[in-house]
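Below is one structure, written out as structure tokens, with a few remarks after it.
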Amino acid sequence: MNVFEEYLNSEDLEKRERAKLWRTSIGLQDVDNLRVSNFLIETARKHIEGEISMDEVGRSIDEYYKKDES
């Protein structure tokens with residue numbers, strides 16, 4: 096799993112920790128043979144970069160799947 100690898104050696108401790116948490120979450124999906132969407136990867140990247148908060152991540156995911164259900 097190479098997702099977010101570029102952040103693992105970041106001098107920014109917060110980015111590094113957020114990337115590790117996201118990689119773990121995505122890895123758990125992979126264990127169940129589930130593939131995460133590009134939308135989730137990009138949303139996670141925005142969170143790692145500090146562009147959006149975890150609350151915004153949650154809202155964004157909720158909105159994405161509400162649209163998907165329509």
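Counting the sequence shown from 1 gives a position; the numbering used here is that position plus 95. A virtual CB, placed ideally from N, CA and C, is assigned to each residue, including glycine. Just so you know, these numbers come straight off a predicted model, no measurement behind them.
For glycine 145, no alpha helix (DSSP H) run applies, since DSSP gives it neither H nor E. If you check the CB distance, valine 98 and isoleucine 121 come in under 8 Å. Burial state of arginine 130 is exposed, judged by a 10 Å Cβ sphere holding fewer than 16 other Cβ atoms. Aspartate 125 sits in a helix when the DSSP states are folded into three classes. Judged by DSSP in its simplified three-state form, asparagine 97 adopts coil rather than helix or strand.
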